[in-house]
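Here the protein sequences line up with chains A, B, C, D, E, F, G and H, keeping their order. FYI, the numbering for the first sequence is 1 to 384, going by the numbering used here. FYI, the numbering for the second sequence is 385 to 768, going by the numbering used here. FYI, the numbering for the third sequence is 769 to 841, going by the numbering used here. FYI, the numbering for the fourth sequence is 842 to 914, going by the numbering used here. FYI, the numbering for the fifth sequence is 915 to 1167, going by the numbering used here. FYI, the numbering for the sixth sequence is 1168 to 1420, going by the numbering used here. FYI, the numbering for the seventh sequence is 1421 to 1603, going by the numbering used here. FYI, the numbering for the eighth sequence is 1604 to 1786, going by the numbering used here. What follows is a set of notes on a single structure, which appears directly below.
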Amino acid sequence: MVVRRNVIRYSLAVDEKKRSNLKTIASESYMKSETLFLKNAQTFAEAMVRCGVRYHFAYPITPATEVMKHTSVILPQYGGRMVQMESELAVANALAGCACTGTLGATSTSGPGMSLMQETISYMAGGELPCIMLDAMRVGPGDGDIVGAQSNYFQATRGGGHGDYRVIVLAPASGQEIVDIMPEAVKLAYTYRTPVLFVIDGVTCTMTESANFPEPHDYASEFDTSSWAFTGTGDHPKRYLLTGSYTHSQGEELNNHLLAKYERIKEEEQRWEEIQVDDADVVLVAFGIHGRMGQDLVSNMRADGKKVGLIRPISLWPFPDKAFEKLPESVKSMLVVEMNHGQMLDDVRLAVNGRLPVHFLGKTGGDMPLCTLAEMTAKINTLL
Amino acid sequence: MVVRRNVIRYSLAVDEKKRSNLKTIASESYMKSETLFLKNAQTFAEAMVRCGVRYHFAYPITPATEVMKHTSVILPQYGGRMVQMESELAVANALAGCACTGTLGATSTSGPGMSLMQETISYMAGGELPCIMLDAMRVGPGDGDIVGAQSNYFQATRGGGHGDYRVIVLAPASGQEIVDIMPEAVKLAYTYRTPVLFVIDGVTCTMTESANFPEPHDYASEFDTSSWAFTGTGDHPKRYLLTGSYTHSQGEELNNHLLAKYERIKEEEQRWEEIQVDDADVVLVAFGIHGRMGQDLVSNMRADGKKVGLIRPISLWPFPDKAFEKLPESVKSMLVVEMNHGQMLDDVRLAVNGRLPVHFLGKTGGDMPLCTLAEMTAKINTLL
Amino acid sequence: MKAKNKKHVICGERCKSCGLCVEACPKNTLAIGQTLNGQGYNIVEQIRPEDCVLCGLCRIVCPDVAIGVVESD
Amino acid sequence: MKAKNKKHVICGERCKSCGLCVEACPKNTLAIGQTLNGQGYNIVEQIRPEDCVLCGLCRIVCPDVAIGVVESD
Amino acid sequence: MQELAKIYGETLLLDKKFSYCPGCGHGIVTRLVAEAIEAFGIRKRTVSVVGIGCGGFSHHYMEIDAIEAMHGRAPAVAVGYKIAKPENIVYTYQGDGDCSAIGLAELLHTANRGIPVTCFMINNNLFGMTGGQMSPATLEGQVTSTTPKGRDVHQHGYPLRVPEMMADMRGAKYVAREAVYDAKSIRKAASSVRKALDCQMKGLGFSFVEFIVPCPTGLRLSVSDSYKWNKEKMVEYFKPQVFKNEMEQNDEN
Amino acid sequence: MQELAKIYGETLLLDKKFSYCPGCGHGIVTRLVAEAIEAFGIRKRTVSVVGIGCGGFSHHYMEIDAIEAMHGRAPAVAVGYKIAKPENIVYTYQGDGDCSAIGLAELLHTANRGIPVTCFMINNNLFGMTGGQMSPATLEGQVTSTTPKGRDVHQHGYPLRVPEMMADMRGAKYVAREAVYDAKSIRKAASSVRKALDCQMKGLGFSFVEFIVPCPTGLRLSVSDSYKWNKEKMVEYFKPQVFKNEMEQNDEN
Amino acid sequence: MRTNCTFSGSGGQGSALLAKLICQGAMKQGLQVVMTQTYGIEQRGGDSTGYVVVSDSRIGNPLVENDADVSVALSPTIYEGCLDGSAVGGLVLANSSLITETREREGVKQVLIPASDIAVELGSVKCANIVMLGAVLEATKVLEFATVEEVLRDLMGAKKPALLEMNLKALEKGRALYLSAAE
Amino acid sequence: MRTNCTFSGSGGQGSALLAKLICQGAMKQGLQVVMTQTYGIEQRGGDSTGYVVVSDSRIGNPLVENDADVSVALSPTIYEGCLDGSAVGGLVLANSSLITETREREGVKQVLIPASDIAVELGSVKCANIVMLGAVLEATKVLEFATVEEVLRDLMGAKKPALLEMNLKALEKGRALYLSAAE
Ligand SMILES: Cc1ncc(C[n+]2csc(CCOP(=O)(O)OP(=O)(O)O)c2C)c(N)n1
Ligand SMILES: Cc1ncc(C[n+]2csc(CCOP(=O)(O)OP(=O)(O)O)c2C)c(N)n1
Ligand code: SF4
Ligand code: SF4
Ligand code: SF4
Ligand code: SF4
Ligand code: SF4
Ligand code: SF4
Ligand SMILES: [Mg+2]
Ligand SMILES: [Mg+2]
């Protein structure tokens, strides 16, 4: 099936005879729904562009750089642009500026870059600016190691920046899931006017696998932003994005408004995958690559007659508390496995609230920066 | 009692005839142990200087600016210096540079500045660099409101930066407690080679009250840093602070080393105040100003025959789990009160682990940005 | 010599008594007066309106957009 | 005309075969050889040592501190 | 007020009083910017990206959309905005602290990138909003709340001149420094505001105007003395001038 | 190796092989820095603050203490270090990305502050370590992994010249740009390294040297071609020169 | 014993100084004292309120939360706030020179003191705050008069004897006014 | 059925290409496939390993964790790693042109293929990896020969017929070598 590529024309509304520093050329081309064999970081790039993201602001950092390399090639074909900024600070703020026009932009980075963006993420959450972000997680702290990790879970889910805010955090575990969830991400970003942050460990990001891409569809332009975007007073009375010129009561109101929104998101947007929890003795809880390995683990161990189940959180914030609400009687304990020293562990313990023992297996860094299937299996065997 | 002020001479070891951009003049003067009536931000400045901090790196931000205004006056008298940098990013990194020499430096900032420092705090934690920091918390997210808040609890206690790291977080509730705990802070910073972060809400910071200062004592210079400081290879073989040129296994080792250190701190450095928990029906858990108000609350309600107790965490990380380990049978429920929308709440719930219901009362921003004693009392009455 | 269709106006509510117009007026027609406005500032006034040449310098220097010369209708 | 107390040395282990010294040598005495070092690079060698004037240019351009002229003892 | 509105048209909201202190130079620059927007008839498609500082309030007095950026980052926000919506006119309004201390990298990279946005830097040579601390532009020996003995250039360096750093940047097409200490200098400043916006409207490239203004409160001077000090001390070091005016060189690359 | 060690003394650790790619310009600059340290006999009190990039490895080859700073922040680290320990010699070793993209504000403020530290910027006009992306110094039309059709100056601006921005800063006492494309240029570069460190040793003020070097890997050129490209293209735009040499003006204020 | 005080006025009326004088007096008498201040977004002018808690024991709650024992209202703009912020059983001292419209609030005693007029009589409108201070001391006995006089002396004695003289008179006048007004 | 493969070599030996060819072939045959790579701190050279998992059903665990069914060792530096990373019951194919010292590991079958020598004979040392590919296919039957030939044709067919020819020969040679060596 061949469909017309979504082309967004981009031009400057200025005297045509004058030179423009901004002009980009939108080329028309055609594309179909297709299966591509890509690094997952590239899959991320393809997926977001095919869902309507036209501006990708970024600064190189391994293992996220693949995303910008890919968008720098494909975005111009869609009439968009990859904008390499001078730093992650500038990236985040340009992304905010883009969002202010009602346009969905994206960025991709890794640990140190994420940390540099925290002030602005707090700002975007407070200013209710939608965007798509990717944290291709590597080993911290400090500049750290470029191999994959999951040690930015706290930063992602609790707002590493200041203030009472949250962003929606999604953790797809494969290239296909990245593709499948991207339209959702766009919808969440606009519906709740919030940054949506993908956290994917570097191992998964640099892994090459195939993914089925449906026909491109510009989800991003389906949302009406005219009620809030700062597009000039041509069609609305003065609007402004408030941050520095608060009154005390405006600060309180904004916080209450955000709180209410976050409660709504918690209620409606929990996402997870669950495998054979119904009669399980032990439930493995893991996200991203460990969650994916858990799929094999469950079938292997079940084949050995061992009753193991899996809960794989897909939304990390809101955390899928609901998955833990009605755990069957059979469950005797849980095992959390992470590529860190125990971060999602807190959320699982909070969800379980003392009803069951919650065990932990984790690792950060090293040549094999994650727990192997063998290690996970061994640990579960001690719990059965 | 009159004691000699600790004077540290500061000069450039270069040809004396050449002009130096660095020379500062150390004046000798005398000072005694004394009671001063100061804004608590100033008390913080006085306390740290009197404990031996000689370099204060800062960038103005309300309500932390008072600290640098104060140190810019007093530090030169001690032969030190307040160094105003170009941004909080530069501040944090200069502080790291100072720490690399084995010298204890300090900084003070508020929400947006804290967020900008997250990358470097992660770096300092990873590089095991000691320092003293103050987050004079104001209302977020975004630029926010300058009235006090406690909404940076997550950021402080879970590492707003990337990676598996923690910093020691202290939350004194009064000017006197700032003075009393400062020598401890210096000791913790050096003993564990870690940033020590004070989090004090803006209301407390801008409050004026008296505090008894003991004789100045240069605690900072009592610690031997010669085993690690990067002071040149004159007295040791090459040393370097590793961050970018990791091998995978070094990354893993560093993380394991940090983990072990953090476990030790959790074991040994929990600090809290506890009032009449022994026979309490309800226990109030609050830090900083709410904890301090809790002191009155307990005596008021006890006077009415109501069995209320208080746990006031002083170290927020490590969180005083131990205070919750052996709660008496009498305790039916807990109430957490914060100037935010529920952050320490997670830690209390984790500590209590489902054994008791944990209720919450909180607020961020507004003309009265905290819960009043009346509101707290009313809420507890519903729980009795 | 005044332009017929112009007049000098002061927006008392906006004035902050800074005195910049007083210093700028080439004809010394302005002075800080006794009347307080809602913001608590003494409003500037024309003490010799007849001398005003409607040059508009007061408007240019006023940091509070509180004074100037407008078309009279 | 060589300085008596000097000699030309190549540290084969450090050489990365970049060829910069080969280009720089005014006497064309250097060439990339066949021997591989532990890093897997073909080591540069003096193919006409007798022509070397010990000028030291090879040392200056070498990005790997692998070649040069030293005092002979 | 209503009468004055005749002069100013729709951009300036005269029913909102300026929150600036008496005599504050921000008042003058805010008015100049509003006048230029009105004059060009671009109000409906103009967006102000304000920095954090006293000038952060400037947009409240104009009927235009506005974005309050985080401290120092307004130029980066403007770049993101302009790329996504090039038909709009975007200017930043920043203090000297915002623009030349914390925000220096964003400013200079935006200037160098050369995409058509405009940055206004209102240089009152200290941090006004936070209570008069030293800024990069504080003069040698000047006492501020963080330099109680005056700026010591051996510790803090010499006052930083910003447009001078854009000299070599080909993407920056209009670069000027202006003052507002008397009617004449204000008229010149007004012309630079117009040129800077015009440069953007024509899509030529980056434009920048620095304004030397007094902050009587931060300087702890009377209004009159603060203007005198501007005229005598400030402009001696920060010389008003047009550094670049490449608005006619459309064919140049 | 042992034989070569005679020339280089104690600073350079010849038993550690450089991890740079064959022909990488970092190797030359790293050696020059080590030679100067050795020549001045300051090894034991010298500390290298390296940026993040291929040059971050430079300190591994020297017997001196080192601090690996976060990306772009080395100058701020150096300032904090120098203030706390002024008797030591502190230099930063940063790539063009580190120094002039993410770290521009820290570099320029450090230069302006004028306290005696030294910054070395190794400009290979792209991000080497991350795989050859555009940096501020990438030339017009140059293809990199993030500019697949070449740097478009209308989007990204013209290549940024850094020492030019320090011209007006009185605290910067020695400022130069050097190249390493042949023996002659390397000898000149060596002299600038020594002057920059000497400037610091004398406590005169800030010193800065930019080195134009090739990254054959990032440029996807043979070693020989990459040096030719440096000599022909790079130095045409980035002209080697001594911008400032105020080392004798000790009495000047 | 704990006394909660609120001192409000608009810029330049010296309400903050008033609060500080109480604090210094309290310290001289070995009492515990805490001062908090409201602050807006701006550096500039506007109304301001200083809250002072004086106590003979450790001050847990440092806030005055609508439970002021005594409130001083120097200007009309903050009058309503003072009245609402008073405890039941509390006292509001209003500067009747400027506050011309007052209203009743059940359980709150109000005493009108023409502080600005008296201050002008004494030589400067600026000492209206000290007139109020005299009234506060007489009404609450929170501090000894002698202590506050000493504080004033410390503050301006040596350098500005005339100013001190005026302020001491203002203090005394405030006390007398309260006595007669409160009858 | 799942097959775990490991392809190791030092820079320039084409182990990554080997991995990619398998991936592309697998996709042509409608199989699931995932490739992971080790990567160091540096952009530059050094040893590299590509791990490929081929399966006819969804691949949960994408890693080869010391359980390779087939490992190709192109250079001596990575030989030990290949041997240790093999599953019990797995097969190690070693390039005996360069790997001269081998050792036994219980339960692991080893076949020595002089790939580099053969490659040189065929025209370029660079096609040593394709020689190995032929051996892998013959040994594991993970893919059809025809598929891989098609992949090679897609890759170089049009533009470089000579290269294709050489590689097809290498593939065939590898198969034959395996057959004879494995006897
Ligand atoms: C990240 C961050 N750091 C510090 C501050 C505090 N702050 C607010 S305004 C300001 C500086 C204002 O100075 P300037 O930009 O010169 O503006 P002015 O008020 O003088 O016009 C500062 C440091 C902040 N809001 N955010
Ligand atoms: C905050 C942050 N952003 C991005 C990176 C990724 N990164 C590592 S090195 C580098 C740039 C290297 O380029 P340059 O400074 O020019 O050094 P070179 O390798 O070219 O010598 C980048 C962007 C990082 N480590 N930290
Ligand atoms: S218009 Fe001219 S003459 Fe009239 S008041 Fe204004 S400045 Fe004076
Ligand atoms: S310049 Fe404006 S604000 Fe100042 S006194 Fe004159 S009218 Fe009033
Ligand atoms: S010393 Fe001179 S002549 Fe001898 S090899 Fe080196 S470059 Fe050639
Ligand atoms: S320049 Fe050095 S590394 Fe390059 S070939 Fe010559 S000796 Fe070898
Ligand atoms: S503090 Fe200074 S800059 Fe701010 S409004 Fe007042 S005078 Fe203007
Ligand atoms: S990638 Fe470039 S800069 Fe880095 S070591 Fe290789 S040649 Fe040098
Ligand atoms: Mg300013
Ligand atoms: Mg570079």
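Glycine residues also receive a C-beta, built at the ideal position from the N, C-alpha and C atoms. Being a predicted model, the structure only gives us computed values, none of them experimental.
{"Query": "Residues that DSSP places opposite Tyr1007/E in a beta bridge", "Result": "Val964/E and Phe1034/E"}
{"Query": "Opposing strand residues paired with Ser1613/H [DSSP bridges]", "Result": "Asp1650/H"}
{"Query": "Cβ distance (whole Å) where Phe1427/G is taken to contact Val1492/G below 8 Å", "Result": "5 Å"}
{"Query": "7 Å Cβ cutoff, Asn1664/H in contact with chain A", "Result": "yes"}
{"Query": "Exposure of Asp819/C, with buried meaning 16 or more beta-carbon neighbours within 10 Å", "Result": "exposed"}
{"Query": "Cβ neighbour criterion (16 or more within 10 Å) applied to Leu479/B", "Result": "buried"}
{"Query": "Backbone secondary structure at Lys1147/E - three-state DSSP", "Result": "helix"}
{"Query": "Residue range of the beta strand (DSSP E) that includes Tyr55/A", "Result": "Tyr55 to Ala58"}
{"Query": "Test item: CB-CB of Asn255/A and Gly544/B under 7 Å", "Result": "no"}
{"Query": "Residue(s) in a DSSP beta bridge with Val308/A", "Result": "Val282/A"}
{"Query": "Buried/exposed call for Ser413/B, threshold 16 Cβ in 10 Å", "Result": "Residue confidence for Ser413/B is low, a pLDDT of 43 falling below 50, so the modelled location carries little weight and cannot support an answer."}
{"Query": "Chain B contact for Lys1252/F (CB, 7 Å cutoff)", "Result": "yes"}
{"Query": "Distance CB(Val1284/F)-CB(Lys1249/F) smaller than 7 Å", "Result": "yes"}
{"Query": "Given Ala64/A as reference, the closest of Leu188/A, Ala220/A, Lys39/A and Leu170/A once Cα atoms are compared", "Result": "Lys39/A"}
{"Query": "Cβ pair Leu1018/E, Pro989/E closer than 7 Å", "Result": "no"}
{"Query": "Pairwise C-alpha distance: Asp527/B and Asp1012/E", "Result": "13 Å"}
{"Query": "Against chain B: residues of the segment 1281 to 1299 of chain F by CB proximity under 9 Å", "Result": "Gly1281, Ile1282, Pro1283 and Met1296"}
{"Query": "Distance cut 7 Å, beta-carbon to ligand 9 heavy atom: residue list by chain order", "Result": "Gly967/E, Gly1009/E, Asp1010/E, Gly1011/E, Ile1036/E, Asn1037/E, Asn1038/E, Asn1039/E, Leu1040/E, Phe1041/E, Gly1042/E, Ser1049/E and Cys1129/E"}
{"Query": "Amino acids of chain A, ordered along the chain, whose beta-carbon sits closer than 7 Å to that of Arg957/E", "Result": "Thr233"}
{"Query": "Exposure label - Val348/A; buried when at least 16 CB within 10 Å", "Result": "buried"}
{"Query": "Same chain only: Cβ atoms within 7 Å of Gly874/D, ignoring 5 sequence neighbours per side", "Result": "Asn883, Ile884, Val885 and Glu886"}
{"Query": "Interface flag, Gly545/B vs chain F, CB-CB below 7 Å", "Result": "no"}
{"Query": "Among Asp663/B, Ser506/B, Ala758/B and Ser499/B, the one whose alpha carbon lies nearest that of Ile121/A", "Result": "Ser499/B"}
{"Query": "Under 7 Å between C-beta atoms of Leu1199/F and Ala1357/F", "Result": "yes"}
{"Query": "Whole-angstrom distance between Pro444/B and Ile1461/G, CA atom to CA atom", "Result": "Residue placement at Ile1461/G is flagged as unreliable, the pLDDT there being 49, under the threshold of 50; a coordinate-derived value is accordingly withheld."}
{"Query": "Ligand 4 heavy atom lying under 6 Å from the CB of Gly1385/F", "Result": "no"}
{"Query": "Secondary structure of Pro460/B, DSSP reduced to three states", "Result": "helix"}
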